[in-house]
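Student: Just so we're aligned: the sequence shown equals residues 38 to 950 in this note's numbering. All residues carry an ideal CB built from backbone N, CA and C; glycine is no exception. Take this structure first; my questions come after.
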Amino acid sequence: MSRFFTTGSDSESESSVSGDELATKPAGGNYSKPLLLSEDEEDTKRVVRSAKDKRFEELSNLIKTIRNAMKIRDVTKCLEEFELLGKAYAKAKSIVDKEGVPRFYVRILADLEDYLNELWEDKEGKKKMNKNNAKALSTLRQKIRKYNRDYESHIASYKQNPEQSDEDEEKKSRDSEGSSSSSSEEEEDEDGVSAAAFLKKKDAGEARARYLKKMEAEEEEESESDEEEDWGSSDSDTDSESDEDEGKYTSLASKFLKKYGAPHKDEDKKGGEKKREEKAKKKHDRKSRKYEEEEEDNEGGEWEKVKGGVPLVKEKPKMFAKGTEINHAVVVKKLNEILQARGKKGTDRAAQIELLQLLVGIANENNLGVALEVKIKFNIIASLYDYNPNLATYMKPEMWQKCLGCIEELLDVLFAHPEIFIGENIVEESENLANPEQPYRVRGCILTLVERMDEEFTKIMQNTDPHSQEYVDHLKDEGRVCGIIARLQRYLQEKGTTEELCRVYLRRVLHTYYKFDYRAHRRGAGDPQVGGGGEEEEEEEDSAVLMERLCKYIYAKDRTDRIRTCAILCHIYHHALHSRWYQARDLMLMSHLQDNIQHADPPVQILYNRTMVQLGICAFRAGLVKDAHNALLDIQSSGRAKELLGQGLLLRSLQERNAEQEKVEKRRQVPFHMHVNLELLECVYLVAAMLLEIPYMAAHEFDARRRMISKQFHHQLRVGERQPLLGPPESMREHVVAASKADRWGDWRSCHRFVVNEKMNGKVWDLFPEADKVRAMLVRKIQEESLRTYLFTYSSVYDSISMEILADMFELDLPTVHSIISKMIINEELMASLDQPTQTVMMHRTEPTAQQNLALQLAEKLGNLVENNERVFDHKQGSYGGYFRDQKDGYRKGDGGYLRRGGYRQQERGSNY
């Protein structure tokens with residue numbers, strides 16, 4: 038039934054009348070026209086909502102739709118809703134700029150990207166998709182990857198500490214309540230929370246932030262509702278009136294018009310202010326009650342002030358219930374309970390490490406023995422390794438330092454208590470942690486932990502920018518790593534097996550083989566300042582002696598080919614690094630590694646390549662140019678020296694590698710401080726090729742069948758010849774090319790200036806340990822090879838030439854010149870004889886002149902042309918003579934009357950030759 042609101046005169050009192058009474062009123066009465074309102078419009082309350090709530094609710098609804106589509110694998114729906122979500126987020130941009138990117142929005146972006154990646158990698162699922170979903174999957178995957186680039190930092194922080202949804206939190210809280218009522222061990226008291234709850238709880242700072250955000254939202258809603266109430270009623274009289282007359286006919290003027298005899302304006306204001314103060318007081322009381330409830334829920338957690346003004350809840354985890362007797366069985370049970378959460382989804386790994394450290398403290402406080410402490414420390418180190426679930430990622434600096442400290446503490450305990458026996462073959466049932474009368478037995482392998490630590494150190498160095506100060510800081514930790522390995526070596530020498538000793542020896546070798554021992558080098562050179570510094574220096578073992586002792590033990594005792602192979606290669610590398618060429622060469626030849634190294638795994642192949650490179654550089658320093666060239670030929674001719682040495686990946690245009698292969702190859706890379714200088718390597722190879730190739734080119738200038746010794750060197754020569762304008766050399770390659778051209782004509786001084794100068798010294802030669810000796814050797818080799826080149830080039834010009842003149846020209850002593858020329862005559866490279874009394878070289882002039890060489894070449898080419906023409910002619914005629922050409926044996930006679938050629942039987946017609 039509709040209601041009528043009427044307004045009477047000012048003198049009349051306000052009253053409501055029924056419909057019948059209104060009908061009996063005279064028509065001329067002082068009544069206004071009734072206003073008709075529906076019941077729905079009156080009963081509906083007006084709700085005022087902020088723009089933030091509206092926008093965020095719109096985003097939440099779209100996200101909910103996307104998640105439902107994800108559950109039923111409807112990728113097309115996901116694509117449509119994602120586009121709508123982007124538009125809705127663009128509309129809320131002004132609010133987001135003020136409030137920050139909402140957490141639920143970052144969550145859906147991260148979850149959607151992971152969901153699409155899973156679908157993309159699931160090949161079987163992709164085959165079962167319909168055409169629309171498959172197309173939408175490709176489109177949406179590209180869009181989400183492009184869209185998420187703007188939110189990389191937010192997504193990374195979310196993945197590092199993911200926040201659960203509200204439903205999961207409520208469910209988890211219900212589960213925790215149920216479990217806490219049923220379990221006596223997990224009862225909470227004023228001192229802290231249970232261990233299981235501590236493992237699953239979220240960060241206290243985030244909980245506090247969510248609480249403050251919730252309170253702010255409530256304050257906004259309350260303030261808006263207060264404003265609505267103040268707008269709807271101006272004074273207390275109308276408020277009480279509306280309460281009394283609810284559900285009855287009420288005069289509309291009583292709501293908006295001032296009544297007769299109303300209080301004064303100032304009194305109105307005072308009443309309104311008083312009312313607002315009362316409301317504010319009520320709101321404050323309500324907030325304080327909520328805050329107290331939150332504190333009660335936190336079980337006495339202490340508020341701690343942190344930087345930025347946001348307090349964090351610092352809760353102490355409760356390990357044992359009150360009155361529990363702390364003994365070995367209880368602590369082991371609690372340890373197993375903590376370890377059961379290891380690897381499970383939702384487990385807080387940092388909290389797990391904290392609980393284990395707290396358990397160590399409890400065990401020490403109750404004097405439960407060192408065996409239990411060792412067992413818990415093993416699990417702490419394993420938990421530190423498990424902190425990063427992804428094998429490709431490396432440890433954070435704080436976790437790395439904590440790991441090193443834990444391993445050092447564990448070694449201290451093991452050295453202090455030699456009666457403890459540890460081993461990975463010990464079954465947990467046979468462990469002895471409590472009985473001191475029998476030897477303590479603990480399950481665990483300290484060698485495995487140290488090997489994993491060494492691998493983590495390598496990963497840290499691989500993933501750090503080598504040109505930053507951070508890399509230098511991390512490199513300082515290598516001293517601690519080597520110290521831990523040395524201590525473990527001493528421990529295993531007393532208690533370890535032969536296999537464990539070989540493994541720890543190899544770790545020691547891998548940290549020693551690439552380091553140049555300057556102290557031993559200077560001691561060998563007779564430096565008086567070395568060796569008299571004190572007893573410590575005298576007692577310290579030389580690196581060469583250390584490598585010899587460790588490697589020989591591995592050669593004799595190792596049963597696995599891999600450890601022995603790595604030890605041999607490291608030993609050869611160390612010999613070559615310290616210029617012990619003949620020991621390194623003999624060890625390489627005796628090992629026969631070059632025969633079957635292609636069957637080894639890639640890290641061992643990289644080590645082999647590094648060893649061959651170091652061997653070639655050692656031969657070059659020793660002046661053995663040919664051996665140096667042979668050692669470096671395979672690496673440099675491939676054009677992939679950077680990749681073969683494990684010092685970086687090349688961009689392959691033909692062969693594409695997927696993301697997984699690229700990750701695997703990156704894990705094989707050698708840390709930067711172990712790199713071989715690639716420019717030095719290429720320069721050594723090109724200079725060695727120049728010293729071999731230039732005399733050979735001069736000796737076989739007119740030989741049509743001349744072969745190249747080094748293809749890469751000839752490529753550099755061709756590149757230099759193609760340049761239209763030749764200026765002064767700038768790069769290392771240009772210097773070598775310019776030196777080669779000067780050496781070609783016997784100008785050794787120009788060749789020397791191009792190879793040895795300030796620029797080349799800074800780039801290459803000063804990097805050698807004994808740079809002056811290398812430069813002196815290089816000058817001598819250039820002089821000798823220039824002499825040989827000169828004799829090859831100009832021998833046809835001379836009838837005789839004095840060796841004294843040659844010695845003056847090339848600044849060599851007379852015996853050296855005599856030796857070089859004698860060797861050339863013996864090897865039949867130079868057709869001459871030595872006149873000993875006059876010290877003269879007599880030329881025999883048996884070599885053809887340049888004109889004769891050209892004539893011989895022309896004759897040979899004409900003979901080949903005639904032969905080819907006759908073969909083509911015979912093929913066209915369809916017959917073969919009595920003699921036919923065989924590719925291997927030259928000409929031989931036919932076997933009979935018929936010869937089978939190409940499937941035809943042809944009768945022999947006699948000899949055509």
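I need the DSSP call for R478, collapsed to helix, strand or coil.
Tutor: R478 falls in the strand class under three-state DSSP.
Student: Along the chain, where does the beta strand (DSSP E) containing D872 start, and where does it finish?
Tutor: Element bounds for D872: A869 to D872.
Student: Among N403, H636 and R882, which one has its Cα closest to the Cα of L867?
Tutor: Taking only the C-alpha atoms, the option nearest L867 is R882.
Student: Tell me the rounded alpha-carbon separation between I522 and P766.
Tutor: Computed Cα separation, rounded: 49 Å.
Student: State the Cα-Cα distance for the pair N472 and P455, rounded to the nearest angstrom.
Tutor: Each residue's Cα considered, the two are about 16 Å apart.
Student: Once you ignore the five residues that flank D148 on each side, which residues in its own chain have a CB closer than 7 Å to its CB?
Tutor: Nothing listed; no residue qualifies.
Student: With distances taken Cα to Cα, identify the nearest neighbour of V368 among A378, L395 and A388.
Tutor: Cα-wise, what sits closest to V368 is L395.
Student: Decide yes or no for the touch test of the stretch 853 to 871 against the stretch 783 to 794: beta carbon pairs closer than 8 Å, at least 3 of them.
Tutor: Output reads no: the stretch 783 to 794 does not touch the stretch 853 to 871.
Student: Using the three-state DSSP reduction, which class does T877 fall into: helix, strand or coil?
Tutor: Here T877 sits in strand by DSSP.
Student: Taking the DSSP output, what are the residues bridged to I838?
Tutor: V878.
Student: Would K679 and L687 be called neighbours here (beta carbons separated by less than 8 Å)?
Tutor: Yes, the pair counts as a contact, with Cβ atoms nearer than the cut-off.
Student: What is the residue span of the beta strand (DSSP E) that F458 lies within?
Tutor: F458 to G460 is the span of the beta strand (DSSP E), which, as asked, contains F458.
Student: One question on the structure: do A613 and A581 come within less than 8 Å of each other, judged by their Cβ atoms?
Tutor: Not a contact, by the Cβ cut-off of 8 Å.
Student: Looking at the secondary structure, which residues open and close the alpha helix (DSSP H) in which E161 lies?
Tutor: Here the alpha helix (DSSP H) through E161 covers K160 to K165.
Student: Spatial neighbours of T648 within its chain, please: C-beta separation below 6 Å, excluding the five flanking residues on both sides.
Tutor: Answer for T648: L606, I609 and Y610, listed in chain order.
Student: Under 6 Å Cβ to Cβ from A735, same chain only, skipping five residues before and after it: list those, please.
Tutor: So the qualifying residues of the chain are T826, F829 and T830.
Student: Whole beta strand (DSSP E) runs in the stretch 447 to 530 with 3 or more residues, listed along the chain?
Tutor: If we require 3 residues or more, the beta strand (DSSP E) runs fully inside the stretch 447 to 530 come out as 458 to 460 and 478 to 480.
Student: Is it right to say R86 is buried, meaning 16 or more other beta carbons lie within 10 angstroms of its own, or is it exposed?
Tutor: Looking at its Cβ environment, which holds fewer than 16 other Cβ atoms inside 10 Å, R86 is exposed.
Student: If contact is defined by three or more beta carbon pairs under 8 Å, each pair taking one atom from either stretch, is the stretch 441 to 452 in contact with the stretch 401 to 416?
Tutor: The stretch 401 to 416 is in contact with the stretch 441 to 452.
Student: Taking just the CA atoms, how far does W785 sit from V773?
Tutor: Whole-angstrom Cα-Cα distance: 13 Å.
Student: Any idea what DSSP makes of D809, helix, strand or coil?
Tutor: The answer is helix: DSSP assigns D809 an H, G or I state.
Student: Let me confirm a value: F293 is counted as buried when at least 16 other C-beta atoms fall within 10 Å, else exposed. Which label applies?
Tutor: Because the pLDDT at F293 is just 46, under 50, the model does not fix this residue reliably, and the point stays unresolved.
Student: If you check the beta carbons only, do P761 and E822 fall under 8 Å apart?
Tutor: No. Outside cutoff.
Student: Assuming L682 contacts N646 under a Cβ cut-off of 8 Å, what Cβ separation, rounded to an integer in Å, is found between them?
Tutor: Between N646 and L682 the Cβ distance is about 6 Å, and since that is below 8 Å, they are a contact.
Student: Which residue comes first and which comes last in the alpha helix (DSSP H) that contains W785?
Tutor: Run containing W785: W785 to V792, per the alpha helix (DSSP H) assignment.
Student: By a C-beta neighbour count over all protein chains shown, 10 Å radius and 16 as the cutoff for buried, is Q673 buried or exposed?
Tutor: Buried: at least 16 other Cβ atoms inside 10 Å.
Student: Tell me which residues share the same chain as C519 and place their Cβ nearer than 7 Å to its Cβ, disregarding the 5 neighbours each side in the sequence.
Tutor: Answer for C519: H548, listed in chain order.
Student: Could you compute how far the alpha carbon of V487 sits from the alpha carbon of G481?
Tutor: Going from the Cα of V487 to the Cα of G481 covers about 12 Å.
Student: Going by the CB atoms, is the gap between C539 and D595 shorter than 8 Å?
Tutor: In contact: D595 and C539 (Cβ atoms closer than 8 Å).
Student: Decide if Y3 is buried, meaning its Cβ has at least 16 other Cβ atoms within 10 Å, or exposed.
Tutor: No statement about residue 3 is possible, as the shown extent of the chain runs from 38 to 950 and does not include it.
Student: Do L669 and V650 have their CB atoms nearer than 8 Å?
Tutor: Yes. Within cutoff.
Student: Start and end of the alpha helix (DSSP H) containing G398?
Tutor: Per DSSP, G398 belongs to the alpha helix (DSSP H) from R386 to E402.
Student: Can you list, in chain order, the residues of its chain with a C-beta nearer than 6 Å to that of L717? Leave out the 5 residues immediately preceding and following it.
Tutor: V801 and L804.
Student: Determine the DSSP secondary structure at E94, reduced to helix, strand or coil.
Tutor: E94: helix per DSSP, three-state reduction.
Student: To the nearest angstrom, how far is it from the Cα of Q530 to the Cα of V479?
Tutor: Approximately 19 Å between the Cα atoms of the pair.
Student: May I ask which residues mark the beginning and end of the alpha helix (DSSP H) holding F750?
Tutor: Unbroken alpha helix (DSSP H) run through F750: K748 to R759.
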